[in-house]
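Everything below concerns the one structure shown next.
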Amino acid sequence: MLRMHDVSKIYRTDLIETYALRKFSLEVAEGEFVAVTGPSGSGKTTFLNVAGLLEDFDAGSYELEGTDVRRLSDDARSRLRNERIGFIFQSFNLIPDLNVYDNVDVPLRYRRLTAADRDERINSALELVGLASRMKHMPAQLSGGQQQRVAIARAIAGDPAFLLADEPTGNLDSLMSRQVMDLLEQINEMGTTILLVTHDPELARRAQRNVHLIDGQISDFRAYEPRAAAVQAAAPGASGAPGSAFA
Amino acid sequence: MLGYYTRLALKSFGRNPGLTTLMVLAIALGIAVCIMTLTVYHAMSGNPIWWKNDRLYAVTMDNWDPNQPWRPDWTGPPPQMTYKDSQYLFSSNIPERKVVMYSVDGVISGVGSAAPERVSTRLTSADFFAMFEVPFLYGNGWSASADRPAQPVIVLSREENEKLFGGSNSVGRTLRWNDHEFRVIGVLDEWFPRPKYYDLNGGNFAPPDKAYIPQQWGIDLALLNNEDTDCWRAEKVDNYKEFIASDCVWQQMWVELPDAASRERMQSLIDGYWAEQHKAGRFPRARDNRLTNVAQWLRDNKVVDNDNRVLVGLAFAFLALCLINTVGLLLAKFLNGATITGVRRALGASRRQIFVQHLVEVGAVSVVGAALGLLLATLGLAAVHHLYAAAHLGQRGGYQELTHFDVVGVVWAVILAVAATVAAGLYPAWRIGQLPPAVYLKSQ
Chain A
1 MLRMHDVSKI YRTDLIETYA LRKFSLEVAE GEFVAVTGPS GSGKTTFLNV AGLLEDFDAG
61 SYELEGTDVR RLSDDARSRL RNERIGFIFQ SFNLIPDLNV YDNVDVPLRY RRLTAADRDE
121 RINSALELVG LASRMKHMPA QLSGGQQQRV AIARAIAGDP AFLLADEPTG NLDSLMSRQV
181 MDLLEQINEM GTTILLVTHD PELARRAQRN VHLIDGQISD FRAYEPRAAA VQAAAPGASG
241 APGSAFA
Chain B
248 MLGYYTRLAL KSFGRNPGLT TLMVLAIALG IAVCIMTLTV YHAMSGNPIW WKNDRLYAVT
308 MDNWDPNQPW RPDWTGPPPQ MTYKDSQYLF SSNIPERKVV MYSVDGVISG VGSAAPERVS
368 TRLTSADFFA MFEVPFLYGN GWSASADRPA QPVIVLSREE NEKLFGGSNS VGRTLRWNDH
428 EFRVIGVLDE WFPRPKYYDL NGGNFAPPDK AYIPQQWGID LALLNNEDTD CWRAEKVDNY
488 KEFIASDCVW QQMWVELPDA ASRERMQSLI DGYWAEQHKA GRFPRARDNR LTNVAQWLRD
548 NKVVDNDNRV LVGLAFAFLA LCLINTVGLL LAKFLNGATI TGVRRALGAS RRQIFVQHLV
608 EVGAVSVVGA ALGLLLATLG LAAVHHLYAA AHLGQRGGYQ ELTHFDVVGV VWAVILAVAA
668 TVAAGLYPAW RIGQLPPAVY LKSQ
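Respectively, the protein sequence lines represent chains A and B.
Taking the numbering used here, I'd label the letters of the first sequence as residues 1 to 247.
Taking the numbering used here, I'd label the letters of the second sequence as residues 248 to 691.
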């Protein structure tokens, strides 16, 4: 599903060059739940932005579902983000003057679906996250955990193949964090591939595979669950050996 | 999607009410100033009979003092003619229609219990009404046979007819004009050409006269012009007979010439007459006999002076300034919402969709700004009306009549407002979609 090879992302100023990603390589198979960990400044968010086509990269190659993303126009990238990728952010990023229903509706609007189709998807997504009764609520009327669940509903309403979560529990207490992780596991079990960025090793352990970044490079790789190991063994290029993300 | 974007635009207004208000006010002010200035300029410089511009001609001959011009800032012949010159040319059959005229103060009395009233009266010839396409409410003008000998027939303005006869059909009724009995043969409908091109002496935007009678009455009763009379030659003028024989200019003359051939013939006639008179010792200046169409007539008489043109230029400059200000405000407003835009981009909105969304918002601002601008322009023009009303107390016409919109003007004003604002919003709408989404999301 996702194949990055020797991807580098450099931030340049007049004085210095900073490698946010340095010859980064990773393969993620369909249906995997991969956690990306690392200290602050290790390149986790940059990796997620590149994976989610929110940022370009300076070297290497990136194929998403077999498509070389470097050759895509802005319209094509936007379409890919809209139809195949869902985003979950640390600070929820709900639009404050839209209610819950309209927030979940946002990505669907850019797909030119019929009103009936959109309505069905929104209702299903909100049912899944347990917020069907709060459709008319504004984000400010919800708790942090509820807001994040709305964000998750927004991310999955379009039935994406791929979910990117950047510290989704970073602003939540432990109880709400567990609820969110339960939800993500449930979504993964339904077949959606998930890339989770987190600094919390406990949360990372709930994923099938952990990739540890330091200074823009993978320093460690391990699987945490037998289920994950089975997925690894079945996935092409996956080795499970520490220090590499693929065979 | 247009409905969706419009809904988003309205929500965006609520998110930044202060900025939105500033933008709307900036646009409205610029538009209002432009509309007001254009309306006044249009009223002051328009040709009220533009469809006859190549048929109607003011006749002038330069009989003035060889040592100085008629006015210090004037080149060309005086705008009026002497009596004898106008009478000679009036006898020609070349023009399809012809008019000689001047204005006097008459007194109307003998209508019921109405007190005698001084009224501005135009002494003119029969073709006046057809030539200048003056509309009639009742009756019509007199025929050429009533010009000489002058018949006691009178045409009233609508306003005067309302005052004397309550607005009813007064054709056939009689009144006394300067103590002579006249019969009403026609009542004009609403007629207020702006500017008053056929006689600019009493002011470019003076109201039309209240009564019209055959010109010979003025000669028979030895009536003097109540507007400009200019003389330069030191000649004996002790009585009316000597006055009308003098080189004083006080008569207006207009002719209607349907084609180039008749214009040529008329010009030849005037030039031939000039040559004769020049040989006899008149017309000491170089020959300058003119047939001037209405548009050129208005330019020659500086109906719209440079100040007005400069004012129009300044009005547009002010509008440009307001729009530049609006561009800045739009940029500030859009960048203020950059995070939300970044979220939309992350969720799949393309640059084009972001551009269109923001352009719809700009369009909504422009419509509101245009509407407010029209309202401000209406109030502003009403203020102009009020300002100049004192100069025409109790009278219709004058500057009051300058200050009205016409439908075409309003439509163009709205189009101008919306187009100008959308043009101003193109850059901010484009700019907001250009930054990579990750930049906005990092600001969280």
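Even glycine gets a Cβ: it sits at the ideal position worked out from N, Cα and C.
- Under the three-state reduction of DSSP output, proline 461 (chain B) falls in the strand class.
- At a cut-off of 8 Å between C-beta atoms, isoleucine 587 (chain B) counts as an interface residue with respect to chain A.
- In terms of beta-carbon proximity, proline 107 (chain A) lines the interface with chain B, with at least one pair separated by less than 8 Å.
- Under the three-state reduction of DSSP, alanine 29 (chain A) is assigned to coil, being neither helix nor strand.
- Nearest to glycine 250 (chain B) by C-alpha distance, out of A:Ala115, A:Asp58 and A:Arg81, is A:Ala115.
- Restricted to the region 255–316 of chain B, the beta strand (DSSP E) segments that are unbroken, complete and at least 3 residues in length are 303–308, listed in chain order.
- Taking a Cβ-Cβ threshold of 8 Å, the residues of chain A close to glutamine 600 (chain B) are Ser78 and Tyr110, in chain order.
- Judged by pairs of C-beta atoms under 8 Å, the region 60–69 of chain A does not touch the region 567–583 of chain B, as fewer than three such pairs exist.
- Put simply, the backbone Cα of arginine 109 (chain A) is about 11 Å away from that of aspartate 117 (chain A).
- For tyrosine 19 (chain A), the three-state secondary structure derived from DSSP is strand.
- Between the beta-carbon of valine 614 (chain B) and that of alanine 256 (chain B) there is about 10 Å, and that puts the pair past the 8 Å contact cut.
- Contact annotation for tyrosine 251 (chain B) against chain A: Arg109 [CB-CB distance below 7 Å, chain order].
- Boundaries of the beta strand (DSSP E) around arginine 369 (chain B): 364–371.
- According to the DSSP assignment, histidine 525 (chain B) belongs to the alpha helix (DSSP H) that extends over 507–526.
- Three or more Cβ pairs closer than 8 Å define a contact, and the region 188–195 of chain A meets that threshold against the region 154–170 of chain A.
- Taking a C-beta cut-off of 7 Å against chain A, the contacting residues of the region 654–684 of chain B are Pro683 and Pro684, listed in chain order.
- Distances from the CA of alanine 469 (chain B) to each of B:Tyr459, B:Tyr349 and B:Gln524 were compared; the closest alpha carbon is that of B:Tyr349.
- For glutamate 428 (chain B), the uninterrupted beta strand (DSSP E) run begins and ends at 427–435, by DSSP.
- In this structure, the straight-line span from the alpha carbon of valine 502 (chain B) to that of valine 609 (chain B) is close to 54 Å.
- The beta-carbon of aspartate 75 (chain A) is placed less than 8 Å from the nearest beta-carbon of chain B.
- The Cβ of lysine 258 (chain B) sits closer than 8 Å to at least one Cβ of chain A.
- As DSSP reads the structure, serine 356 (chain B) sits in a beta bridge with B:Arg423.
- Rounded to the nearest whole angstrom, the C-alpha separation of alanine 596 (chain B) and proline 107 (chain A) is 8 Å.
- Cβ proximity to chain B below 8 Å picks out Asn49, Gly52, Leu54, Glu55 and Asp56 from the region 46–69 of chain A.
- The region 597–605 of chain B makes no contact with the region 295–311 of chain B; the number of CB pairs closer than 8 Å stays below 3.
- By the neighbour-count criterion, in which 16 or more other beta carbons inside 10 Å mark a residue as buried, isoleucine 278 (chain B) falls on the buried side.
- Check the Cα spacing between alanine 660 (chain B) and each of B:Leu621, B:Arg318 and B:Phe429: the tightest is with B:Leu621.
- According to the DSSP assignment, tyrosine 101 (chain A) belongs to no beta strand (DSSP E) but to the alpha helix (DSSP H) extending over 100–109.
- If the five residues before and after glutamine 524 (chain B) are omitted, its C-beta is found closer than 7 Å to the C-beta atoms of Phe530, all from its own chain and listed in chain order.
- Shown here, tyrosine 445 (chain B) sits in coil according to DSSP, grouped into three states, outside any helix or strand.
- Ranked by Cα distance from valine 402 (chain B), the options B:Arg591, B:Phe383, B:Ser415 and B:Gly414 are led by B:Phe383.
- Counted as a single uninterrupted DSSP element, the beta strand (DSSP E) harbouring tryptophan 501 (chain B) occupies residues 499–503.
- Listed as beta-bridge partners of valine 609 (chain B) by DSSP are no residues whatsoever.
- Following the DSSP letters along the chain, one finds glutamate 83 (chain A) inside the alpha helix (DSSP H) bounded by residues 74–84.
- Contact between the region 306–315 of chain B and the region 529–546 of chain B is present, with at least three C-beta pairs closer than 8 Å.
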